[in-house]
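Numbering-wise (the numbering used here), the sequence shown opens with residue 405 and increments by one. Where a beta carbon is used, it is the ideal one built from N, C-alpha and C, also for glycine.
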Amino acid sequence: MLPAIVFVVAPEPWMASIHAALDLGELPTAPIVGYLARSTSAFYTMFGGLLIATSFDFQRYRTLLIYLGWVTSSFGVVLLGIDWFENMPLSWTLSEGPFVLMFGLAILSLSIRIETT
405 MLPAIVFVVA
415 PEPWMASIHA
425 ALDLGELPTA
435 PIVGYLARST
445 SAFYTMFGGL
455 LIATSFDFQR
465 YRTLLIYLGW
475 VTSSFGVVLL
485 GIDWFENMPL
495 SWTLSEGPFV
505 LMFGLAILSL
515 SIRIETT
């Protein structure tokens, strides 16, 4: 998730090239497109940093990790619905939402097993 920081500041032609390579057509040039791409990348970077920060003291952050597991899993389901509704390519739909769902379930499963003292 931390590598997403690149796209907070990536030049627009990079994003347009990736968009085209994914067979999504021409990247729209409206300001909202750049805003959403960059702010989403910033959010993923922040979330990755939060996961790293909590990894240094599992017992202390157990409750937070359980919460993050639940919301990440839920987010995966929401992404799956959004991808389906927006007619994203099948490869995208089958990789993004399910991956986030499984990642959240892994966080949740491992966090529940953390023993508290």
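Would you decide whether residue i is buried or exposed? Buried here means 16 or more other CB atoms lie within 10 Å of its CB.
i	result
residue 485	exposed
Quick check on the DSSP output: the alpha helix (DSSP H) that includes residue i runs from which residue to which?
i	result
residue 502	494-516
At the level of alpha carbons, what is the spacing between residue i and residue j?
i	j	result
residue 510	residue 473	7 angstroms
residue 460	residue 471	17 angstroms
residue 424	residue 430	6 angstroms
Residue i by DSSP, collapsed to three states: which one?
i	result
residue 462	coil
residue 450	helix
residue 427	coil
residue 416	helix
residue 435	helix
residue 520	coil
Using 8 angstroms for Cβ pairs, my map puts residue i next to residue j. What's the rounded Cβ distance?
i	j	result
residue 441	residue 411	6 angstroms
residue 409	residue 449	4 angstroms
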